[in-house]
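A.B. asks:
Protein chains: 2
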Amino acid sequence: MREFIPPAARFVDLPVDFPLRRGGTLHGARIAYETVGRLDEDRDNAILILTGLSPDAHAASHPADTAPGWWEEMVGPGKPVDTDRWYVICVNSLGSCKGSTGPASVDPASGDPYGPDFPELSMEDIADAAAHTVRALGVERLACVIGTSMGGMSALSLLARHPGLARSHMNICGAARSLPFSIAVRSLQREAIRFDPQWNRGRYDAERYPQRGMLTARKLGMMTYRSPQEWDSRFGRTRITPERRRDTDPFGPAFEVEGYLECHAHRFSRRFDPNSYLYLSRCMDQFDLGDSCGGTVEDALGRMRLERALVIGVETDLLFPLRQQREIADGLAAGGLDVEFLALDSHQGHDAFLTDTDRFGAPMAKFLAAL
Amino acid sequence: MREFIPPAARFVDLPVDFPLRRGGTLHGARIAYETVGRLDEDRDNAILILTGLSPDAHAASHPADTAPGWWEEMVGPGKPVDTDRWYVICVNSLGSCKGSTGPASVDPASGDPYGPDFPELSMEDIADAAAHTVRALGVERLACVIGTSMGGMSALSLLARHPGLARSHMNICGAARSLPFSIAVRSLQREAIRFDPQWNRGRYDAERYPQRGMLTARKLGMMTYRSPQEWDSRFGRTRITPERRRDTDPFGPAFEVEGYLECHAHRFSRRFDPNSYLYLSRCMDQFDLGDSCGGTVEDALGRMRLERALVIGVETDLLFPLRQQREIADGLAAGGLDVEFLALDSHQGHDAFLTDTDRFGAPMAKFLAAL
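These protein sequences, in sequence, are chains A and B.
Residue numbers for the first sequence follow this note's numbering, beginning at 680 and rising by one.
Residue numbers for the second sequence follow this note's numbering, beginning at 680 and rising by one.
1. So residue 834 of chain A packs on residue 1001 of chain A, CB below 8 Å; how close in whole Å?
2. Look up residue 1022 of chain A in the DSSP assignment and give the residues it is bridged to.
3. For a contact meaning CB atoms closer than 9 Å, what does residue 995 of chain A contact in chain B?
4. Within the 9 Å Cβ cut-off, does residue 915 of chain B reach chain A?
5. So residue 724 of chain A and residue 765 of chain A are in contact, right, with Cβ under 8 Å, and what is the actual spacing, rounded?
6. What's the C-alpha gap between residue 921 of chain B and residue 734 of chain B?
7. Would you report the Cα separation of residue 890 of chain A and residue 871 of chain A, rounded to the nearest angstrom?
8. Got a sec, what are the start and stop residues for the alpha helix (DSSP H) residue 696 of chain A sits in?
9. Roughly how far, in whole angstroms, is the beta-carbon of residue 863 of chain B from the beta-carbon of residue 864 of chain A, given that I think they are within contact range, below 8 Å?
10. On a Cα-Cα basis, can you pick out the residue from A:887, A:727 and A:710 that is closest to residue 831 of chain A?
11. Is any beta-carbon of chain B found at less than 9 Å from that of residue 836 of chain A?
12. Report yes or no: is there a C-beta of chain A within less than 9 Å of the C-beta of residue 983 of chain B?
13. Within 9 Å (strictly less), CB to CB, does residue 783 of chain B reach chain A?
14. Grab the span of the alpha helix (DSSP H) containing residue 813 of chain B for me, first residue to last.
15. For the segment 918-935 of chain B, enumerate the residues whose C-beta is nearer than 9 Å to any C-beta of chain A, in chain order.
16. Would you kindly work out how many angstroms separate the C-alpha atoms of residue 1036 of chain A and residue 753 of chain A, rounded to a whole number?
17. For residue 823 of chain B, does the count of other Cβ atoms within 10 angstroms reach 16, so buried, or fall short, so exposed?
18. Taking the alpha-carbon positions, what's the residue 852 of chain A to residue 1023 of chain A distance?
19. Enumerate in chain order the residues of its own chain whose CB-to-CB distance from residue 1007 of chain A is below 6 Å, with the five nearest sequence positions on each side excluded.
20. Would you say residue 1000 of chain A lies against chain B (beta-carbon separation less than 9 Å)?
21. Cα-Cα, which of A:861, A:819 and A:1012 is closest to residue 845 of chain A?
22. Measuring straight from C-alpha to C-alpha, what distance separates residue 952 of chain B and residue 895 of chain B?
23. Would you check if the distance between the CB atom of residue 1050 of chain B and the CB atom of residue 847 of chain B is smaller than 9 Å?
24. Starting from residue 704 of chain A, follow its DSSP beta bridges and name the residues at the other end.
25. Between residue 802 of chain A and chain B, is the shortest Cβ-Cβ distance under 9 Å, so that the two count as touching?
26. Taking residue 881 of chain A as the reference, give the member of A:838, A:783 and A:811 with the closest Cα.
27. With a threshold of 9 Å between beta carbons, is residue 860 of chain A in contact with chain B?
28. Helix or strand or just coil, what does DSSP make of residue 907 of chain B?
29. By how many angstroms is the C-alpha of residue 1025 of chain A removed from the C-alpha of residue 790 of chain B?
30. Contact between the segment 737-746 of chain B and the segment 683-693 of chain B: three or more CB pairs below 8 Å?
31. Report the option in A:769, A:1031 and A:795 whose CA atom is closest to the CA atom of residue 878 of chain A.
32. Am I right that residue 959 of chain B and residue 774 of chain B are in contact with their C-beta atoms under 8 Å? What's the rounded C-beta distance?
33. Can residue 903 of chain A and residue 866 of chain A be called in contact, C-beta distance under 9 Å?
34. Quick one: which chain B residues come within Cβ less than 7 Å of residue 910 of chain A?
35. Select from the segment 890-909 of chain A all residues with a C-beta closer than 7 Å to any C-beta belonging to chain B, and list them in chain order.
36. How about residue 876 of chain B: is its C-beta nearer than 9 Å to some C-beta of chain A?
In structure tokens form, the structure reads like this:
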């Protein structure tokens, strides 16, 4: 169990006792964050970014860490989220392993990592911890909350639980609840980890590590982050050249697409804590904005206290399909909000918001410029 | 390693030495088949059905085996494939474990099952074995070859390699080659089996059996056979009731969709030979009708000697997406054939041809009636 903390991460302490919604209390937990840009005197130019399952708080380069961030094309001076104007706060989710307290962190009660003893995590806990972080930075009213992928879930939860904390919202490839296909994908990913004997019910270390399970989980993830159409043009039926075939098993990787998955999965498998993956994955399944507000998704969306919202989805998204962004946009509009809904014709699937910056950048910049 | 032979299966011997396309020769191999209906005196009313990866030759009930077949709704007296008129031959694919020779069969050279020593299988071998079976039954000219799913691949291969053997063709949710997304799905399914320690490089038995790998492979299959939209309406976010939760692991199945996958996978996992699954799966990846004819897919389709064809696909098919059936239809039409192409608006994904008999039955019946 290991944490992977970006070099310039800073930290906000959560209240000494931080009770979780499904039971259990964290003691002395913290949230990792980074900021880009400057908070102005009125403290009204802050934007919060909530991330997908795996990214850390390093969304973009800045003087303290000049390495490119995970959303480098989108956040920075003169970029769609223009840090010459906006003070951007990016928060690492509670339960992650990138600096915020999670299963890989040390449990002060035992002096050992929590591992499988970490309490059950909910999207509402992630949202509350992010709201606490924002307020601890002296911001009482955000100009905008941007949530991407899983961050689109935690953002909706935050908006519902902390009315008035934000003026506007951008929901990018997000969802107001998990649907059966994505639950099934994540269920299989968790199985790959859980049934890896090296997982050992959550008690592993660097030597005895569920590498095999993480590889399979990540490959399955990649398959749902991209789109079949993109892969047709990118890989077609090209085969791995014999000299590059590492695996002599006749049933092993023979096509470029298999080599690509192998390569990406290897890169990821040692950089994310397997237990953290399990907790965040299950937390996504459990999320239903309606449940969390004691009503339906429509009720919860219809009650949002916001001025404006931009909701973007992609036609080829398998994991967060377009009908889920339409549901968000319709629900917010039913509450009387000024909502713009964009269904982008990108071939890059769920990950289009990371890669297809041309299509996403312009509407995001326009939305923020009009705030 | 076990074979699962339907009670009324009959057998045709392949030539004593049956060389496979990618090397290796089978000695004393056989093909399992069943027939429904009667071959008329002119021997011109025969229809061949080639199946997907897992079905056996028992497509429909008949006096020798009254149990419902895998395509019971579609084949029988008065049904879309009307056995009052047609003599229907359904063949179990070479390499399967349902009566035709495959990795679970006994290798006459050793007296033990072939297991991983079975030679590499190709779609062309499956096609040639089926063509041999048809001729052995005294049929020199089929009225129609119907191929579903993988059978849509072996049917195209048969038509290309045995010109004149069929007058017409029905391609149902098939493909002329495998594309990267489906290759990736099958690659992960194979990994689940190969990395199950019980697989033991293909040397397992009933006690030491790669059950875990088969479960995961089948679940992943189910996810690509159905459609997210169908699951939304079928399962929604319904949870498994606590008394029905068998698994106390907090990351284990909690939603109905997870229970459904678990149940189906358990039903399948002991009824299909894992090695056979690996061979057929890889054989599908390798299939490219163009390669097999020394040109492009378009060339091969354009040269088909047929009178008519019906090509059907489904909008929600993830595994054999609609653009693949359109490719087949366009290619056949370019060769001057009378081709009908139907893109059905079914929510049931790839398996719609098994479940959505209303939508499939009428056009199939109409096509056959006009022959």
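Each residue gets a CB set at the ideal place from its N, CA and C atoms; glycine is no exception.
C.D. replies: Taking the geometry as given:
1. Incorrect: roughly 18 Å between the Cβ atoms, too far for contact.
2. A:992
3. Per Cβ cutoff of 9 Å: no residues; residue 995 of chain A is ~11 Å from chain B at best.
4. yes
5. 5 Å
6. 35 Å
7. 10 Å
8. From DSSP, residue 696 of chain A is part of no alpha helix (DSSP H) but of the beta strand (DSSP E) over 696-698.
9. Actually they are not in contact, since the Cβ atoms of residue 863 of chain B and residue 864 of chain A sit about 13 Å apart, beyond 8 Å.
10. A:727
11. no
12. no
13. no
14. 802-815
15. 928, 929, 930, 931, 932, 933, 934 and 935
16. 7 Å
17. buried
18. 10 Å
19. 850, 855 and 990
20. yes
21. A:819
22. 14 Å
23. yes
24. A:698
25. no
26. A:783
27. yes
28. helix
29. 56 Å
30. yes
31. A:795
32. 5 Å
33. no
34. 859 and 860
35. 891, 895, 898, 899, 902 and 907
36. yes
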